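> If you count by this note's numbering, then the sequence shown holds residues 8 to 308, one letter each, in order.
Where is the CB? At the ideal position from N, CA and C, for every residue including glycine.
Computed from a predicted model, the values in this text were never measured in an experiment.
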Amino acid sequence: MDIGSLKSFLDERADEYEYTADADASELTSFRCGGKVRLAVSPKSTRSLCALLRALTEACIRHDVIGLGTNVLVDDGGYDGVLVITSLMTELTIDGETLTAECGRGITSCASAAQKAGLSGFSFAFGIPGSVGGAVAMNAGAYGGEISDIILSADCWDFGERRIVTLDREALSLGYRDSVIRRGGLVVLSAKFGLQKGDPDAIFAEMTDFMNRRREKQPLSYPSAGSVFKRAPGHYTGKLIEDAGLKGVRIGGAEVSEKHAGFIINKGGATAGDVKALVELVTSRVYEKFGVVLEREIIYL
Ligand SMILES: Cc1cc2nc3c(=O)[nH]c(=O)nc-3n(C[C@H](O)[C@H](O)[C@H](O)COP(=O)(O)OP(=O)(O)OC[C@H]3O[C@@H](n4cnc5c(N)ncnc54)[C@H](O)[C@@H]3O)c2cc1C
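1. When you compare only the Cα positions, how much space is there between Ala178 and Val187?
2. At the level of alpha carbons, what is the spacing between Gln122 and Asp156?
3. Please state if the CB of Ala30 and the CB of Val44 are separated by a distance shorter than 8 Å.
4. Skipping 5 residues on each side, what residues in its chain have a beta carbon closer than 6 Å to that of Lys296?
5. Does the beta carbon of Ala277 fall short of 7 Å from some heavy atom of ligand 1?
6. Which class does Ser155 belong to by DSSP, given the choice of helix, strand or coil?
7. Just checking Asn273 against ligand 1 - is the residue's beta carbon closer than 7 Å to any of the ligand's heavy atoms?
8. Keeping to the same chain, check which residues put their C-beta closer than 6 Å to that of Asp87; ignore five residues upstream and five downstream.
9. Using DSSP with H/G/I as helix, E/B as strand and the rest coil, what is Leu90?
10. Counting along the chain, where does the beta strand (DSSP E) carrying Glu25 start and finish?
11. Run through DSSP, which three-state label would Gln225 get?
12. Which of helix, strand or coil does DSSP assign to Asn146?
13. Assuming contact is defined by CB atoms lying nearer than 8 Å, are Gly42 and Val81 in contact in what I supplied?
14. Between the C-alpha atoms of Gly151 and Phe131, what's the straight-line distance to the nearest angstrom?
15. Does ligand 2 have even one heavy atom less than 7 Å from the beta-carbon of Met145?
16. Rounding to the nearest angstrom, what Cα-Cα distance links Ser37 and Ile272 in this structure?
17. Could you please give the first and the last residue of the uninterrupted beta strand (DSSP E) stretch that includes Phe200?
18. Between the stretch 272 to 285 and the stretch 246 to 262, are three or more C-beta pairs nearer than 8 Å?
19. Could you tell me how far apart the beta carbons of Ser94 and Leu75 are, in whole angstroms, since I believe they sit closer than 8 Å?
20. Got a sec: does ligand 1 put a non-hydrogen atom nearer than 7 Å to the Cβ of Val282?
21. Phe270 and Pro226 look like a contact to me (Cβ under 8 Å); what is the Cβ gap, rounded to whole Å?
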């Protein structure tokens, strides 16, 4: 099977998939830049996602899986393969103190659902714009909480075994913005989170506080992928970048945010090349000035 016959496969199953050929990466990612994606496919169910992943593996077609595209940058040269997008897989159920969500569900919306059900533990994620799958892969976190604090298990497609496996928290090997998922071979299909009973008003107040802090500190009115770099041990990365005199520095349409130096924003018309050049500039200036090696958090596709 090649990409042409994959389209026929998808056309025959039009109720199971949506797809766009030569999709604009700028419409699939929060950075709002990048080239064309040969085929962007959105499965509507776990079964369809697994069938697609199996077909792609068997046909040796290059592919990657993304969620809401809030931590990735697609090259200006485009992506010559199939980008599988999970954003149509959004089922969520709550059973007692366990919340289960499909991989494409926004984690902010999981936090809201938990609050409405009077369950605490998910508030830290309120305002993180990614999906459950992306959040598990990245072990997303904020304000002292992270996915590893609440996850019980994740059902994943295992490329090696070509079947669904359930990984518990230990097997997910969650570290700082890292997990076994990042090392390849697994796709998160859904995840279960263990929460505790709490007061909905108090949980709402905590979520509102976190959102207000985001609005105050982060340049949310511009496209970005959040913090570009990981926290450097013993340092505040944003402060290092600011102290290196880089706030407001611009290459093309990409700019080191004046509001939060850890963010690179798309001020309008930025290319992925502009962003990458700015990432390199920041990395080398911070190293020259402080001898600290910044590690990139955002993922290049
Ligand atoms: C304004 C802004 C604020 C942000 N604030 C935070 C923050 O406070 N804390 C934080 O941790 N992050 C933050 N982020 C970054 C980002 O939202 C998180 O990393 C989020 O978890 C990524 O989810 P996503 O669905 O967008 O992943 P994507 O960007 O789509 O993908 C990210 C990575 O996860 C992989 N992936 C996605 N889905 C799956 C899946 N189902 N199975 C396997 N792998 C998958 C992709 O292959 C890729 O490697 C912020 C981003 C923005 C734009």
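With the structure as the only source:
1. Along the sequence shown, read from residue 1 onward, the residue named residue 178 stands at position 171. Along the sequence shown, read from residue 1 onward, the residue named residue 187 stands at position 180. Going from the Cα of Ala178 to the Cα of Val187 covers about 8 Å.
2. Position 115 of the sequence shown holds residue 122. Position 149 of the sequence shown holds residue 156. Cα to Cα, Gln122 sits roughly 17 Å from Asp156.
3. Translated into positions along the sequence shown, residue 44 becomes position 37. Translated into positions along the sequence shown, residue 30 becomes position 23. Yes, these two residues count as a Cβ contact at 8 Å.
4. On the sequence shown, position 289 is the one that residue 296 refers to. Only Ala251 meet the Cβ criterion.
5. As a first step, residue 277 must be located in the sequence shown, where it is residue number 270. Not so, every heavy atom of ligand 1 lies at least 7 Å from the Cβ.
6. For the purposes of this step, residue 155 is taken as residue 148 along the sequence shown, with counting starting at 1. Ser155 falls in the helix class under three-state DSSP.
7. Within the sequence shown, the letter at position 266 stands for residue 273. No, ligand 1 has no heavy atom inside 7 Å of this Cβ.
8. Here residue 87 is taken as the residue at index 80 of the sequence shown, counted from 1. In chain order, Arg45 place their CB closer than 6 Å to the CB of Asp87, counting only its own chain and leaving out the 5 sequence neighbours on each side.
9. As a first step, residue 90 must be located in the sequence shown, where it is residue number 83. Correct three-state label for Leu90: strand.
10. For this step, residue 25 is matched to residue 18 along the sequence shown. The continuous beta strand (DSSP E) containing Glu25 extends over residues Tyr24 to Asp31.
11. Mapped onto the sequence shown, residue 225 falls at position 218. Correct three-state label for Gln225: coil.
12. Taking the sequence shown and counting its residues from 1, one reaches residue 146 at position 139. DSSP places Asn146 outside both helix and strand once states are collapsed to three, so it counts as coil.
13. Against the sequence shown, residue 42 aligns to sequence position 35. Against the sequence shown, residue 81 aligns to sequence position 74. Yes, these two residues count as a Cβ contact at 8 Å.
14. Taking the sequence shown and counting its residues from 1, the one referred to as residue 151 is at position 144. Taking the sequence shown and counting its residues from 1, the one referred to as residue 131 is at position 124. Cα to Cα, Gly151 sits roughly 7 Å from Phe131.
15. No copy of ligand 2 occurs in the structure displayed; its ligands are ligand 1 alone.
16. Stepping through the sequence shown from its first residue, residue 37 is reached at position 30. Stepping through the sequence shown from its first residue, residue 272 is reached at position 265. Their Cα atoms are separated by approximately 10 Å.
17. Here residue 200 is taken as the residue at index 193 of the sequence shown, counted from 1. Residues Leu193 to Gly201.
18. Verdict: yes, contact present.
19. In the sequence shown, the residue the question calls residue 94 occupies position 87. In the sequence shown, the residue the question calls residue 75 occupies position 68. That belief holds up - the Cβ atoms of Ser94 and Leu75 are roughly 6 Å apart, short of 8 Å.
20. For the purposes of this step, residue 282 is taken as the residue at position 275 of the sequence shown. Not under cutoff, so the answer is no.
21. Sequence index remark: in the sequence shown, residue 270 carries index 263 (1-based). Sequence index remark: in the sequence shown, residue 226 carries index 219 (1-based). About 6 Å; that satisfies the 8 Å criterion.
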